[in-house]
Amino acid sequence: MEPAKQIVIDTADALGISQAAALEAILLALPLDHDGVPAFVDRTRFQKNEELPIPAA
């Protein structure tokens, strides 16, 4: 089982709530940056180069 899914299952079981409610509780507890992205996310990991690798003529 994926580690993230197990965290949701364990949290739900420990609190006696549904997995959906556990996931919501986890998400609402995250510290967010000014634009709503979790503060701990490494943004450089998700940046994409949108330019096509076309050689100059």
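As numbered in this note's numbering, residues 37 to 93 make up the sequence shown, in order. Glycine included, C-beta positions come from ideal geometry on N, C-alpha and C.
Euclidean distance between Cα positions of residue i and residue j
i	j	result
D49	E38	17 Å
I53	K84	38 Å
D69	F82	16 Å
V44	P89	41 Å
E87	L51	47 Å
L64	D71	15 Å
E60	D78	22 Å
Q42	F76	20 Å
Proximity to residue i [Cα-Cα], best of the options
i	options	result
P74	R81, T80 and L66	L66
Integer-rounded CB distance, given that residue j should sit under 8 Å from residue i
i	j	result
A58	T47	4 Å
Proximity test, Cβ basis, 8 Å: residue i and chain B
i	result
R81	In summary, chain B is missing from the structure at hand, where a single protein chain is found.
Where residue i sits in the DSSP three-state scheme
i	result
L89	Reading the sequence as shown, one finds Pro at residue 89 and not Leu. Residue state, collapsed to three classes: coil.
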